[in-house]
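Structure record follows, encoded as structure tokens.
Take a look at the structure:
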């Protein structure tokens, strides 16, 4: 964490399936008096000093919406949501709780959330699964059967990558299953 001249940067890593945790993280920072401004790779969050306020942050994964960015942003603006930025396919929005009518979210129901998860699956998880199947697993298999001197290092590297990819995929699968169960589908 680095703080200077009313700005602060923090390094935080959220997986694609952690959008809800990321939303809560941004809300917590705003309550502490730090307004979210932007995020850059590799998970560097930028904040501006502000009056502490309860502000809800919402993320939407919708690359199709960004193809018609002006209309997409205007739709949320008409409902009182402030557009912050697009990063990694996600659009970031916020709205003060004082301006909300009840427990307001950008998704009106679980079916909308399920649609977002489907878009995430097609846009993010399918490529991850392909990488896992075509690159990591064959290399892992090769390293298990290789007599080379660098085998332990490469084996450890591919095992770490496998665990990360498998963990992210399992986390997403659990979120998807849980939401699908809630919608009764």
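In the working numbering, the protein residues as written are 197 to 381.
A virtual CB, placed ideally from N, CA and C, is assigned to each residue, including glycine.
Where residue i sits in the DSSP three-state scheme
i	result
residue 216	helix
residue 341	coil
residue 270	helix
residue 280	strand
residue 238	coil
residue 378	helix
residue 199	strand
residue 210	coil
residue 358	helix
residue 303	coil
residue 297	coil
Straight-line gap, residue i to residue j (C-alpha atoms, nearest Å)
i	j	result
residue 289	residue 280	6 Å
residue 327	residue 202	41 Å
residue 338	residue 349	13 Å
residue 299	residue 364	29 Å
residue 240	residue 205	6 Å
residue 369	residue 354	22 Å
residue 272	residue 346	53 Å
residue 232	residue 243	5 Å
residue 258	residue 230	26 Å
residue 282	residue 246	22 Å
residue 220	residue 343	48 Å
residue 352	residue 330	18 Å
residue 264	residue 274	16 Å
residue 276	residue 291	7 Å
residue 222	residue 278	14 Å
residue 322	residue 367	14 Å
Counted within 10 angstroms of its Cβ, other Cβ atoms place residue i as buried (16 or more) or exposed
i	result
residue 209	exposed
residue 270	exposed
residue 325	exposed
residue 309	buried
residue 374	exposed
residue 237	exposed
residue 313	buried
Paired residues, beta bridge with residue i - DSSP
i	result
residue 325	Residue 325 pairs with nothing; no bridge assigned.
residue 256	287
residue 292	251
residue 373	Answer by DSSP bridge pairing: none, since residue 373 is not bridged.
residue 244	203, 231
Is there contact here, the stretch 351-368 with the stretch 211-228, by at least three beta-carbon pairs under 8 Å?
yes
Touch check for the stretch 244-254 and the stretch 213-226: three-plus C-beta pairs under 8 Å?
yes
So, does the stretch 289-303 touch the stretch 317-335, judging by three or more C-beta pairs under 8 Å?
no
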